[in-house]
Amino acid sequence: MVWRRIEITLKEPTSLSVKPDVSNKVATEEVIPATTLRGALRAHWLREGKTEAEIESWLGRSTRWSPGFPADESFAPYVPVPLSYACVKGESDFGSPHGIHDALGGERPKDKDDQGKTIQWRGVSIRRMSFTDSDKSPLKKRETEREVRMHVARNYQSGSKRTGALYAREAIAPEKAHFIAWVLV
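Positions 49 to 233 (the working numbering) are the ones given, in order, by the sequence shown.
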């Protein structure tokens with residue numbers, strides 16, 4: 049069995065709906081679930097005229113899929129930031145002169161700065177990070193670009209849009225949205 053790499057660039061706004069809140073906003077995931085990837089590839093291959101037997105060999109029970117993680121233009125993946133990471137309160141996450149402290153690293157963070165002021169640590173607020181070759185900061189942050197559009201819901205009885213309520217659908221912005229996934233075949 050071999051791991052194969054899948055590189056994805058979105059060509060249109062894509063909404064991977066999170067469990068809806070009790071509100072009129074539909075949020076989107078930042079990661080493409082593995083089941084969504086498999087379903088999209090199956091639909092694509094069916095449109096290309098592939099047979100069920102061919103598709104089953106690629107998507108069958110023996111394959112293992114990762115989710116599609118956000119990536120940069122060179123398809124370097126952005127991974128979740130560990131919950132144990134912290135930075136100094138009031139400073140930016142990776143731009144802090146004190147750096148990022150990993151609470152699970154076994155070392156205590158500095159209690160005071162160079163002027164003797166007490167340092168307060170807080171959790172890092174970004175969700176995803178990538179490693180770079182930069183000497184200044186080997187980590188860079190990444191947030192998936194999203195856009196929100198208003199839609200009118202249809203009336204369940206009549207199917208009309210005239211009496212439907214407005215709701216907002218969040219979507220991942222296209223063209224700059226790159227993802228990378230792996231499949232074990």
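Note that CB positions come from ideal geometry on N, CA and C, so glycine has one too. This structure is a prediction, so every number in the text was calculated from the model and none was measured.
- Only buried fits Val231, as 16 or more other CB atoms lie within 10 angstroms of its CB.
- Residue state for Arg109 is assigned as coil, using DSSP reduced to three classes.
- Excluding sequence positions up to five before and after Thr76, its CB lies within less than 7 Å of the CB of Ser63, Leu64, Ser65, Val66, Arg194, Glu218, Ala219 and Ile220, all in the same chain and listed in chain order.
- Counting only runs of 3 or more residues that sit fully inside the region 115-189, the beta strand (DSSP E) segments are 117-119, 133-136, 169-171 and 176-179, in chain order.
- Counting only the Cα atoms, Arg86 lies some 16 Å from Thr99.
- The C-beta separation of Asp120 from His226 comes to about 7 Å, placing the pair in contact by the 8 Å criterion.
- Looking at the DSSP output, Thr76 shares a beta bridge with Ser65.
- Note on geometry: alpha-carbon atoms of Leu131 and Leu152 lie some 10 Å from one another.
- A Cβ-Cβ distance of about 6 Å is found for the pair Ala82 and Ser114, placing them in contact under the 8 Å criterion.
- As a beta-bridge residue in DSSP terms, Val231 pairs with Arg52 and Trp113.
- Following the DSSP letters along the chain, one finds Leu94 inside the alpha helix (DSSP H) bounded by residues Ala82 to Arg95.
- A direct Cα-to-Cα measurement between Ala124 and Ile228 gives close to 8 Å.
- Leaving aside the five residues that flank Pro145 on each side, the residues in its chain whose CB is nearer than 8 Å to its CB run, in chain order, Glu139.
- Residue state for Ala216 is assigned as strand, using DSSP reduced to three classes.
- Beta-bridge analysis with DSSP links Glu195 to Ala219.
- With distances taken between CA atoms, Lys165 lies nearest to Lys137 out of Arg175, Thr192, Lys137 and Val233.
- The shortest CA-to-CA distance from Ile148 to any of Asp162, Val50 and Gly171 is the one to Gly171.
- Between Ile54 and Gln168, the alpha-carbon positions lie close to 42 Å from each other.
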